[in-house]
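Heads up, the sequence shown is in my numbering, so the first residue is 966 and it goes up one at a time. Ideal placement from N, C-alpha and C gives every residue a C-beta, glycine not left out. Working notes, beginning with the structure itself.
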Amino acid sequence: EPLAALAFKVVTDPHVGRLVYLRVYSGTLEAGTNIYNSATRSRERVGRLMVMHADSREEKQSAGPGEIIAAIGLKDTVTGQTLCPQDNQISLEQISFPEPVLSVAVEPKTRTDQEKMSTALIRLADEDPTLTVSSDEESGQVILAGMGELHLDVIVERMRREFNVDATVGAPRVAYRETVTQPATAQGKLVRQTGGHGQYGDCTLRLEPTEPGDGLLFESEITGSTLPREYFRPIEQGFREAAQAGVIAGYPVVDMKAVLVDGSHHDVDSSEMAFKVAASMAFKSAMQKGKPALLEPIMKIEVVTPSEFLGDVLGDLNSRRAQVQDMEARGETQVVNAFIPLAETFQYATHVRSITTGRASFAMELDHYSAVPKNVAEKVAGN
């Protein structure tokens, strides 16, 4: 049976370097052989294979179905990719990771810290697929985005402890989103005459709200020869690029469908760039008409607290705009399940320990996005 192995974890070992943890589903993986990565469509060489124990490593020459093994020598394979023979390619189901919901800006304190921080972040992002690293074009700051306050605190602490990076960390920023709440149609038309060829692009888009989680969709209702099909793709590109910044506070737009309903062109002056600009104009105008709304990440939280502190915990959750779903007794403790806006959870770990004398614990994960109350939306837009 041909080899199929899934990479599910990447770590950097101080003694042997980069380790890729693999689960072998079929076939045999052998040390010292070349293998094919079906995701990157490139060949990799497996150097050594090891079975990892708590404080020791056992070297092996091969691994078969059902075994979990750590491979040394794989330079480009990351979490979620499949390794297989090149002449029998297969792609196992990929691991899906949630989008980041919180970001912070980090600035190294010295030039030496800056060089070390670059190395640290490359390695940490390689190990952690839920961490994204980007650069703010205006400020030049490095932006770390992740799953929440604790996640980013751990990343910053690992930079300090493992890589000796001293950095200043900015205030957390919530990853808001924008959408429309009702259908709206608008025309975008670019007509520009210069000395030579002019610029002409004309399209009409209808924006419609879609189901949560749908992202951005695009389709055309144009039939016949109203508009050459070669301009459909630039119009979609213009829409998608414009949707990276909404009209309320410049956050990415989600859960929306753009329908191309009309358009016109000029035989000489029309170009792909002109239609991209026209689509951007139509998008912004239609979004203004479509009662745009700001969306915020809503976290599912479970708080386990001794019964005598239940009232304090519930009162605190209510003050943070949380919606309690249910409560249950578990021995001498009470378990509270609720939905809470991410923006209201900053410093929650410290606060819940304070009001329960350190005896409560909680777990939290992203559940969905929901419309922000008007007073909060005005405050976010003002920032």
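**OP:** Return yes when the C-beta of Gln1147 is under 7 Å from any heavy atom of the ligand FAD, and no when it is not.
**Re:** This structure lacks the ligand FAD, and indeed carries no ligand of any kind.
* Asked: What's the gap between the Cα of Glu1114 and the Cα of Glu1122?
  -> Position 149 of the sequence shown, counted from the start, is the residue given in the question as residue 1114. Position 157 of the sequence shown, counted from the start, is the residue given in the question as residue 1122. Cα to Cα, the separation comes out at about 12 Å.
Item checked: Option in Thr1146, Lys974, Gln1054 with minimal Cα separation from Phe1062 -> Position 97 of the sequence shown, counting from 1, holds the residue named residue 1062. Among Thr1146, Lys974, Gln1054, the Cα nearest to that of Phe1062 is on Lys974.
* **Check whether Ala1004 and Ser1056 have beta carbons under 8 Å apart** => Here residue 1004 refers to the residue found at position 39 of the sequence shown. Here residue 1056 refers to the residue found at position 91 of the sequence shown. Against a cut-off of 8 Å, the Cβ pair of Ser1056 and Ala1004 comes out as a contact.
In whole angstroms, give me the CA-to-CA distance for Met1264 and Thr1188.
Taking the sequence shown and counting its residues from 1, the one referred to as residue 1264 is at position 299. Taking the sequence shown and counting its residues from 1, the one referred to as residue 1188 is at position 223. Spanning the two alpha carbons is a distance of roughly 44 Å.
With the cut-off set at 8 Å, would you say Gln1059 and Asn1002 are in Cβ contact? Reading the sequence shown from its first residue, position 94 is the one you call residue 1059. Reading the sequence shown from its first residue, position 37 is the one you call residue 1002. No, they are not a contact pair.
Tell me whether the beta-carbon of Thr971 lies closer than 8 Å to the beta-carbon of Leu994.
By 1-based counting over the sequence shown, the position of residue 971 is 6. By 1-based counting over the sequence shown, the position of residue 994 is 29. Correcting the residue type first, residue 971 is Leu in the shown sequence and not Thr. No, the Cβ-Cβ distance between Leu971 and Leu994 is not below 8 Å.
* Just reading off the beta strand (DSSP E) that Met1015 is part of, what are its end residues? -> As a first step, residue 1015 must be located in the sequence shown, where it is residue number 50. That run of the beta strand (DSSP E) goes 1013-1017.
Entirely within the stretch 1272-1300 and at least 3 residues each: give me those beta strand (DSSP E) ranges in chain order.
You should have 1288-1295.
Original post:
Can you tell which of Leu1279, Leu1331, Val1337, Gln1288 has the C-alpha that lies nearest to the C-alpha of Val1317?
Top reply: Here residue 1317 is taken as the residue at index 352 of the sequence shown, counted from 1. When each option's Cα is compared against that of Val1317, the closest is Leu1279.
So, helix, strand or coil for Ser1056, using DSSP?
-> Counting from 1 along the sequence shown, the entry for residue 1056 is found at position 91. Note: Ser1056 maps to coil in three-state DSSP.
Is the separation between the beta-carbon of Arg1157 and that of Gln1147 shorter than 8 Å? Residue 1157 sits at position 192 when you count from the first residue of the sequence shown. Residue 1147 sits at position 182 when you count from the first residue of the sequence shown. Cβ distance not < 8 Å, so Arg1157 and Gln1147 don't count as in contact.
Query raised in the report: With distances taken between CB atoms, is the gap from Gly997 to Pro967 smaller than 8 Å?
Result: Stepping through the sequence shown from its first residue, residue 997 is reached at position 32. Stepping through the sequence shown from its first residue, residue 967 is reached at position 2. Not closer than 8 Å, so no.
**Item:** Cβ shell of Met1017 (< 7 Å), same chain only, five flanking positions each side left out
**Value:** Translated into positions along the sequence shown, residue 1017 becomes position 52. Taken in chain order, the residues that qualify are Ala1035.
Limits of the unbroken alpha helix (DSSP H) element including Asp1118 | For the purposes of this step, residue 1118 is identified with residue 153 of the sequence shown, where counting begins at 1. Per DSSP, Asp1118 belongs to the alpha helix (DSSP H) from 1114-1128.
*Between the beta-carbon of Val1066 and the beta-carbon of Val1134, is there less than 8 Å?*
One-based indexing of the sequence shown puts residue 1066 at position 101. One-based indexing of the sequence shown puts residue 1134 at position 169. No; because the gap between Cβ atoms is not below 8 Å, this pair is not in contact.
Candidates Val1242, Phe1304, Ser1284, Arg1286: closest to Met1355 by CA position: Lying outside 966 to 1348, the shown extent of the chain, residue 1355 is not represented and no answer is given.
Which listed residue (Val1130, His1333, Leu1014, Glu1009) has its alpha carbon closest to that of Gly1180: Translated into positions along the sequence shown, residue 1180 becomes position 215. The shortest C-alpha separation from Gly1180 is found at His1333.
What's the gap between the Cα of Glu1273 and the Cα of Ile1108?
Start at 1 with the first residue of the sequence shown, and residue 1273 comes out as number 308. Start at 1 with the first residue of the sequence shown, and residue 1108 comes out as number 143. Straight-line measurement puts the Cα of Ile1108 at about 41 Å from the Cα of Glu1273.
Review point. What do you get for Ala1328, buried or exposed, if any count of 16 or more other CB atoms within 10 angstroms of its CB means buried?
Key: Counting from one through the sequence shown, the residue named residue 1328 turns up at place 363. Its Cβ having fewer than 16 others within 10 Å, Ala1328 is exposed.
- Message: Going by DSSP in three states, Ile1187 sits in which element: helix, strand or coil?
- Response: As a working mapping, residue 1187 is identified with position 222 in the sequence shown. Here Ile1187 sits in coil by DSSP.
For Leu1086, report the span of its alpha helix (DSSP H) as first-last.
For the purposes of this step, residue 1086 is taken as the residue at position 121 of the sequence shown. Per DSSP, Leu1086 belongs to the alpha helix (DSSP H) from 1076-1092.
If you check the beta carbons only, do Leu1380 and Val1139 fall under 8 Å apart? In the structure as shown, the chain starts at 966 and stops at 1348, and residue 1380 therefore has no counterpart that could be examined.
- [ ] Please classify Pro1199: does DSSP put it in a helix, a strand, or coil?
- [x] Your numbering for residue 1199 matches position 234 in the sequence shown. Three-state result, Pro1199: helix.
Going along the chain, which unbroken runs of the alpha helix (DSSP H) with 4 or more residues stay wholly within the stretch 1319-1348?
-> 1339-1347
ask   = Under a Cβ-count criterion, where at least 16 other Cβ atoms within 10 Å of its own Cβ denotes burial, should Pro979 be classed as buried or exposed?
value = Here the question's residue 979 lines up with position 14 in the sequence shown. Exposed.
Could you give the first and the last residue of the continuous alpha helix (DSSP H) run that contains Val975? Here residue 975 is taken as the residue at index 10 of the sequence shown, counted from 1. Premise fails: Val975 lies in the beta strand (DSSP E), 969-978, not in any alpha helix (DSSP H).
Alpha helix (DSSP H) containing Ser1250: first to last residue?
-> Here residue 1250 is taken as the residue at index 285 of the sequence shown, counted from 1. From DSSP, the alpha helix (DSSP H) with Ser1250 extends over 1237-1254.
Compute the Euclidean distance between the alpha carbons of Ile1120 and Ile1037, then round it to the nearest angstrom. Locating residue 1120 in the sequence shown gives position 155, counting from the first residue. Locating residue 1037 in the sequence shown gives position 72, counting from the first residue. Approximately 24 Å between the Cα atoms of the pair.
DSSP bridge partner residues for Leu994 (one or two, in chain order) = For this step, residue 994 is matched to residue 29 along the sequence shown. In the DSSP output, where bridge partners are listed per residue, Leu994 has Ala1028.
For Thr1159, which of Leu1275, Gly1255, Leu1307, Asp1234 has the nearest alpha-carbon?
Start at 1 with the first residue of the sequence shown, and residue 1159 comes out as number 194. For the residues Leu1275, Gly1255, Leu1307, Asp1234, the minimum Cα distance to Thr1159 belongs to Asp1234.
Report task. Go ahead and label Pro1073 buried or exposed: buried means 16 or more other beta carbons lie within 10 angstroms of its beta carbon, across all protein chains shown. Result -> To locate residue 1073, count along the sequence shown from 1; it is residue 108. By the 10 Å Cβ count, Pro1073 comes out buried.
Inset, instruction - Say whether chain D places a C-beta atom closer than 8 Å to the C-beta of Glu1173. - result: Considering every chain present, this structure includes no chain D. It has just one protein chain.
With 16 other CB atoms within 10 Å as the buried threshold, where does Gly1166 fall?
-> Here residue 1166 is taken as the residue at index 201 of the sequence shown, counted from 1. Flag for Gly1166 reads buried.
Q. Taking just the CA atoms, how far does Glu1206 sit from Asp1041?
A. By 1-based counting over the sequence shown, the position of residue 1041 is 76. By 1-based counting over the sequence shown, the position of residue 1206 is 241. Approximately 29 Å, taken between the alpha carbons.
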